[in-house]
Each structure stands twice: as structure tokens, then as C-alpha cells.
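The sequence shown begins at -19 in this note's numbering and counts up one residue at a time.
Presented below is the structure to which this report refers.
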Amino acid sequence: MATTLPRAALPQPTVARPERRRSVGGWKQVAVNQAFLLPAIVVFVFLFVVPLAQSFWWSLTDFTGYSPDASFVGLANYRTILTDPSMLAGLGFTLLFGVATTVLVTVLAIPLAVQLNKRFFGRGFVRSLWFFPAIPSMAILGLVWRYILSPLESGVVNSVLDELFGIGPLAWLSNDNLARVSVVVVGVWAAVGWHAVLYTAYLQSIPTEYYEVAKIDGASPRQQFFGITLPLLTPALVISSFLLMTGGLKVFDLPYTLTNGGPGFATYTITQSIVVSGVGQGRYGLASALAVLFTVAVGLLAFGQLRLTKAIERRFV
-19 MATTLPRAAL PQPTVARPER RRSVGGWKQV AVNQAFLLPA IVVFVFLFVV
31 PLAQSFWWSL TDFTGYSPDA SFVGLANYRT ILTDPSMLAG LGFTLLFGVA
81 TTVLVTVLAI PLAVQLNKRF FGRGFVRSLW FFPAIPSMAI LGLVWRYILS
131 PLESGVVNSV LDELFGIGPL AWLSNDNLAR VSVVVVGVWA AVGWHAVLYT
181 AYLQSIPTEY YEVAKIDGAS PRQQFFGITL PLLTPALVIS SFLLMTGGLK
231 VFDLPYTLTN GGPGFATYTI TQSIVVSGVG QGRYGLASAL AVLFTVAVGL
281 LAFGQLRLTK AIERRFV
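The structure is reproduced here in C-alpha cells:
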């Protein structure tokens, strides 16, 4: 007769209990990690928050920059800005330059990057030639192009047009429309090579297998560009357009050295207006009000551009 052992005598299966994960270092490690952010926070506060708050206070006064005495004038400086023709002209050309250079450089840099990414003799030398305009400062480029676009006989562009086509000297820098076009063209010429190199770096990260499969399926070069290249360049497009827009909105050196803001206020910029009003005319309160409005406008445009480019990136990537 078989005997049954009591339940307590039977071997019980061992169940592995999950161990609680302990955070490495605990709150001390978190405090150490947060401490590394302190230098960046201190720099941000003292170099951005404090000057911006001080500028906002000065924008509500008639501070001249030379006397410590300043009276509170409220929103009078902001009303002056909205009725001053020079400042309104500066705002208009600044927006024109920022949008035009962003669009034109993007349209030219992407096809140029596709060509520079191909294998051909002297590719490195050609890339360096396109990148060279980004090396000198924009102020130096403005002085050089001021000589090239000179309406005198020494002007290179007018001399070439006269010899080849018999066209008389054109007032590149003294006509309102031609001056605006000249500043935008020089700005595009100086930036297109640098951004083409940026796009080239992203092109080299695209796997060649994508193009091989597309060729097997019979895709044309145009279909490969719009179906593979352009969508995969979206991250580079986000970076490039953001840099172009922010750089174009705060431009100062190129129009100042090329046309000095002229003729009249045709190529006047917001930054030039801030410098002239604050330093040249001793109206720091007015210049501070313009700087505050400009900072808010740039922030809103940059935020809107980032949201738009992120939406495009999510759409194609």
C-alpha cells in the first residue's frame, strides 16, 4: 500500500522574487548631474536674461546713454518706432533679406551638393572653391563687392557688361531696387557654398543601396532625387534653414559695408537702426525698445520655423 507524505514534507518549488532596482548613486548622483548645468544657467542668466530685462526697462525711459538721469516715458518709444520711416524701412528690408537668402540658398545649395557629392577629378579642390566665400568676414566681402559693383570705370561688373554687351554703367548701389538685389545676391553667394558642404555631409550618410534598388525599379534621376535624396535631407534642411533665417534677420555687416544702408533707407536693417539710434544719436531708450521688439520677433519667427520644419521632418522621415 502506497503511503502519501504530508504536504509539508514535499519539496516546495522556489519562486524567484524580482529584485528591486536601485538607482545608482541615488539623489546624490542626480544632484551631481544637475550641478553640471549650473555654469550654462549662470551664463544664460547673466548674458541673456539680465541684459534683456535691463533693455526692457530702458525702453520705457528716455535714457540717452550719457547721463544716469532717465525719466519714465512708458510706451512712447514703441509708438515712435511704429511711425519712424527709417525703422519701418529697416524692418522691411531685414525681413526681405532673411526670407530671400533662406529660400535662394536652399534652392541652390541642394542641387550643388548633389553635384559635389559625385565622383569627378578635382572634387576636393572644387569643394574648397565653393566653401572659400564663407571664410572671410561679411564686412570684408561687402568692401570687396563694393569695388566690384562700382558704377565707375573701375567697377568690374559694369566693365564686363560694357565690353561684352555694350551695356552702359548700371547704378548697382545707388538705385533702390538694384541695391536690394545686390545685397541679397552677395549674401547668397557668400552662403551657398557653406550650406552645400553641409548638405554634402548628409548626402554621404544616405546608403547607396537605396539608389541601386531605385535603378533596378527603373526610377529616373529626377524620381530618385525627389523620392530618396530630398526626403532624407530633411534633417539637414531643418538645420540649414534655421541658421539662414536667424543669421539673415540679424544681418548688419554686409549691408553696412556694401551700401551703408542706402540709397536712402533701401537697404537699412534693424541692427543698423539699433546701432545708429543708440550709439550715434544717443537715444538708448528708443534703441532698447527696438531691440526688445526685434528679439521678440526673431523668437516668434524662429519658433514658428522650428515647428514647421519639425512637421516637415515628421512627414518625410
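Ideal Cβ positions, reconstructed from N, Cα and C, are used throughout, including at glycine.
About 14 Å separates the CB atoms of THR239 and THR251; that is not less than 8 Å, and the two are not in contact.
The criterion of a C-beta distance shorter than 7 Å is satisfied by ALA119 and ASP233. Distance from the CA of GLY122 to the CA of GLY242, rounded to the nearest whole angstrom, comes to 13 Å. In the DSSP assignment, PRO31 falls within the unbroken alpha helix (DSSP H) covering 30 to 39. Of all alpha-carbon atoms in ALA181, PHE26, LEU32, ILE21, the one lying nearest the alpha-carbon of ASN97 is that of ALA181. About 16 Å separates the beta carbon of SER253 from that of TRP38, a gap too long to meet the 8 Å contact definition. Rounded to the nearest whole angstrom, the CA to CA distance from GLN34 to PHE28 is 10 Å. Taking GLN285 as the centre and dropping the five residues before and after it, the same chain places the C-beta of SER221, PHE222, MET225 closer than 7 Å to its C-beta, in chain order. A straight line joining the alpha-carbon of LEU92 with that of LEU17 spans about 40 Å. In the DSSP assignment, GLN261 falls outside any alpha helix (DSSP H), carrying neither H nor E. The alpha-carbon separation between LEU153 and ARG160 amounts to approximately 8 Å.
Runs of alpha helix (DSSP H) with 4 or more residues, each lying fully within the region 174 to 252, are found at 188 to 196, 201 to 204, 214 to 229, 233 to 238, listed in chain order.
For ALA151, no alpha helix (DSSP H) encloses it, and the DSSP letter there is neither H nor E. Taking C-beta separations shorter than 8 Å and ignoring five residues to either side along the sequence, the partners of GLY265 in its chain run TRP38, SER39, LEU40, THR41, ASP42, PHE43, THR44, ALA50, VAL53, ASN57, following chain order. Judged by their CB atoms, PHE77 and VAL231 are nearer to each other than the 7 Å cut-off. For the pair VAL140 and ILE128, the CB atoms are not nearer than the 7 Å cut-off. In the DSSP assignment, PHE52 forms a beta bridge with THR41. Take the alpha-carbon of ARG263 and the one of VAL255: they are about 10 Å apart. In the three-state scheme derived from DSSP, where H, G and I count as helix and E and B as strand, ASN97 is classed as coil. Shown here, GLY135 sits in coil according to DSSP, grouped into three states, outside any helix or strand.
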